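Here the structure comes first, spelled out in structure tokens, and everything after it is commentary.
Residue numbers (this note's numbering): 198 to 490.
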């Protein structure tokens, strides 16, 4: 339907409803113009009302949409802040964990070092004589067996030297046991200085008796080392509390050269027999024992 027709119809209806006598008194032509004007007016009013309603309706929707967007942005911002806070907490937790791990690792390393030092100290005490600093009898038993096997494997000679302080009991009786201890320390120092090779090892076998294991050493070499040490000590004077005490030693040597049915016990026994012979012959000398097949 055309807009003009709609306006006319609306005008007539309105005129009839609002003022029927006036509309009936008018001429047809005037009524037509009046109906058109009234229809146009009412159409404009209705259109305006519809426009206002729609405008208000869509404005509310727009405001709701803006509010939702704002809330969404706020929620997004809160979520982002929460994520950042969580990430920071995780980083702090990780840093704290790493710091604690480093601390525990450091503590563990320190504990391991202390344990290693304690083990080394224990091992040192197990193999060293506490008074003289030389290796002890226990270590001798292990070392002589190892060197004996090495000698058999490599077909090399193995020499043993036993050293004993002459009249050591008189030192203890005349000057006291403290003097005797200092005498043993003094002799051990000279024995250490007499060793020329790292393979040669000195031991305090027991009491005033000392022992040297000389790997890969012939009969003449063992005899020469023992004699050099004896002559050196014969020229030295042991001093205890400003008292000069003359000391001498007796030595016995024995060399293993792949003899049949000869073990570490027989080698030591041979050196001990040679030492006894030196004592028997007047002390302050070196004797050697020759192993036989």
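The C-beta atom is built at its ideal place from N, Cα and C for all residues, glycine as well. Treat the numbers as computed from the prediction; the structure is a model and nothing was measured.
(message) Quick check on the burial criterion: 16 or more other C-beta atoms within 10 angstroms. Buried or exposed for residue 422?
(response) buried
(message) Once DSSP output is grouped into helix, strand and coil, what is the label at residue 461?
(response) helix
(request) Let me know the secondary structure DSSP gives residue 286 once reduced to three states. (result) helix
(request) Starting from the Cα of residue 483, find the closest Cα among 460, 416 and 455 and give me that residue. (result) 416
(message) Between which two residues does the beta strand (DSSP E) holding residue 418 run?
(response) Residue 418 -> not in any beta strand (DSSP E); alpha helix (DSSP H) instead, spanning 416-432.
(message) On the DSSP letters alone, give me the boundaries of the alpha helix (DSSP H) that residue 381 sits inside.
(response) 374-391
(message) I need the straight-line Cα distance from residue 477 to residue 370, nearest angstrom please.
(response) 22 Å
(request) List the endpoints of the continuous beta strand (DSSP E) containing residue 397. (result) Element bounds for residue 397: n/a, residue is neither H nor E.
(message) Less than 8 Å between the beta carbons of residue 359 and residue 387, yes or no?
(response) no
(request) Give the range of the beta strand (DSSP E) segment to which residue 363 is assigned. (result) Residue 363 -> no beta strand (DSSP E), and no H or E assigned at all.
(message) Looking at the secondary structure, which residues open and close the beta strand (DSSP E) in which residue 441 lies?
(response) 440-442
(request) To the nearest angstrom, report how far apart residue 271 and residue 262 are at their CA atoms. (result) 14 Å
(request) Would you mind working out which of 327, 374 and 448 sits nearest residue 437, comparing C-alpha positions? (result) 374
(request) Give the straight-line distance between the Cα atoms of residue 355 and residue 348, rounded to the nearest whole angstrom. (result) 6 Å
(request) Have a look at residue 335 and residue 314 and give me their C-alpha separation to the nearest angstrom. (result) 21 Å
(message) Taking its Cβ as the centre, do 16 or more other Cβ atoms sit within 10 Å of residue 489, making it buried, or is it exposed?
(response) exposed
(request) Report buried or exposed for residue 447, applying the criterion of at least 16 other Cβ atoms within 10 angstroms of its Cβ. (result) buried
(request) Return the residue from the list 412, 468, 443 and 453 that minimises the CA-CA distance to residue 492. (result) It is not possible to answer for residue 492, since the shown part of the chain is limited to 198 through 490.
(request) Throw me the rounded Cβ distance for the residue 445 and residue 480 pair, which I believe falls under 8 Å. (result) 6 Å
(request) Starting from residue 446, follow the beta strand (DSSP E) in both directions and report where the run begins and ends. (result) 446-453
(request) Please say whether residue 401 and residue 469 have beta carbons closer to each other than 8 Å? (result) no
(message) Which residues does DSSP list as the beta-bridge partners of residue 408?
(response) 359 and 400
(request) Compare the Cα-Cα distances from residue 464 to each of 409, 301, 430 and 389 and report the closest residue. (result) 409
(request) Note the first and the last residue of the continuous alpha helix (DSSP H) segment covering residue 339. (result) 334-351
(request) Pick helix, strand or coil for residue 436, following the three-state DSSP scheme. (result) strand
(message) Let's test the definition: count the other Cβ atoms within 10 Å of the Cβ of residue 217 and tell me whether it reaches 16, buried, or not, exposed.
(response) Any reading at residue 217 needs caution, since the residue's pLDDT is 49, under 50, leaving its predicted position unreliable; the model's value is listed next. Exposed.
(request) Label residue 250 either buried or exposed according to how many other C-beta atoms from any shown protein chain fall within 10 Å of its C-beta, with 16 as the threshold for buried. (result) exposed
(message) I'd like to check one pair, residue 352 with residue 461: are the Cβ atoms closer than 8 Å?
(response) no
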